[in-house]
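The opening residue of the sequence shown carries number 0 in numbering that gives the first Met the number 0; numbering runs sequentially from there.
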Amino acid sequence: MKKNITFVTIVFILLSLYSSVHAQTKIIKKGAKYDTIIVKKGYKPIKKAKPVAVQVSVKEIVLPVPEYINQPYYFDHDKNNLIKLENANALMVTKKKTLGLKGAKQLLSMDAASSKIRFVAKKDIVFFIKTSGDVIDLTSYIKLYEFVPVGQKREVTVTTKEGMLNNKEEAIGRLISFSVKMISKDNYQIQLPEQLAAGEYGFVWVKNMELKEFTVFAFGIDWKSSD
Numbered sequence: 000m001k002k003n004i005t006f007v008t009i010v011f012i013l014l015s016l017y018s019s020v021h022a023q024t025k026i027i028k029k030g031a032k033y034d035t036i037i038v039k040k041g042y043k044p045i046k047k048a049k050p051v052a053v054q055v056s057v058k059e060i061v062l063p064v065p066e067y068i069n070q071p072y073y074f075d076h077d078k079n080n081l082i083k084l085e086n087a088n089a090l091m092v093t094k095k096k097t098l099g100l101k102g103a104k105q106l107l108s109m110d111a112a113s114s115k116i117r118f119v120a121k122k123d124i125v126f127f128i129k130t131s132g133d134v135i136d137l138t139s140y141i142k143l144y145e146f147v148p149v150g151q152k153r154e155v156t157v158t159t160k161e162g163m164l165n166n167k168e169e170a171i172g173r174l175i176s177f178s179v180k181m182i183s184k185d186n187y188q189i190q191l192p193e194q195l196a197a198g199e200y201g202f203v204w205v206k207n208m209e210l211k212e213f214t215v216f217a218f219g220i221d222w223k224s225s226d
């Protein structure tokens, strides 16, 4: 009898243990896998600051204005100022060979073999000029000549005429073309299409070619090997 009671007791204990283990076991169905993100309490993600656009202030450059009208000034780019040219007088001289049989030429001649106002040769040589407002085509009233030193004078041939013997004397100097750009009312910029070589130059007002004396705004160019 005691053995039966002991056996029943053991069976009861085993069934109780089995039921307890079974009750604690859960069947987990397989499903979609997810990433686990651990967020700490009080954590705030840091937002990247947007770059602030820096505005660069551009300083406006005010171009200088010539003091006198109808007088070219050399424009210094680096210093943003104007430099006066030499104010000289040139005489219109007519030269004939063999009483004109071998032709004749008219030339402008002014004193001194070189100008006291000199610049270094550069590619972009610019002049400013102010007019009275009544000039329609500036290039028809003012000319730029390259003068040639002859003794103690500077000369340039303006016109030539062949003679009966067709032995026209060779011209000296040359006429240099330029363009004009308006920068403000009555103010113009004279631009040269070519680099000026070393030598003597002058702007001449030729509005009235019947005159015997002309005003020349002269300057010289000194050669610089680094240009």
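Where a beta carbon is used, it is the ideal one built from N, C-alpha and C, also for glycine.
- The C-beta distance from F202 to G172 rounds to 14 Å, too long to meet the 8 Å contact threshold.
- In the three-state DSSP reduction, L137 falls in the helix class (H, G or I).
- With a threshold of 16 other beta carbon atoms within 10 Å, A217 meets it and is buried.
- When the Cα atoms are used, Q190 and K95 turn out to be separated by approximately 36 Å.
- When Cβ pairs closer than 8 Å are counted between the two stretches, the segment 177-191 is seen to touch the segment 118-134, the count reaching three or more.
- The Cβ-Cβ distance between L106 and V157 falls below 7 Å.
- At a Cβ-Cβ threshold of 7 Å, A103 and K160 count as neighbours.
- Here E199 is near S113, since their CB atoms are less than 7 Å apart.
- Following the DSSP letters along the chain, one finds K152 inside the beta strand (DSSP E) bounded by residues K152 to K160.
- Looking from the CA of E59, the closest CA among N79, I68 and K49 belongs to N79.
- Shown here for G219: same chain residues with a beta carbon closer than 6 Å to its own, the five before and five after excluded, namely S113, S114, R117 and E199 in chain order.
- Close CB contacts of Q151 within its chain, under the 6 Å cut and outside five residues either way in sequence, are with A112 (chain order).
- Residue pairing from DSSP leaves V61 without any beta-bridge partner.
- The beta carbon of Y140 sits closer than 8 Å to those of V134, W204, V205 and K206, all from its chain and outside the five residues before and after it, given in chain order.
- Annotated as proximal: D221 and A197, with beta-carbon spacing under 7 Å.
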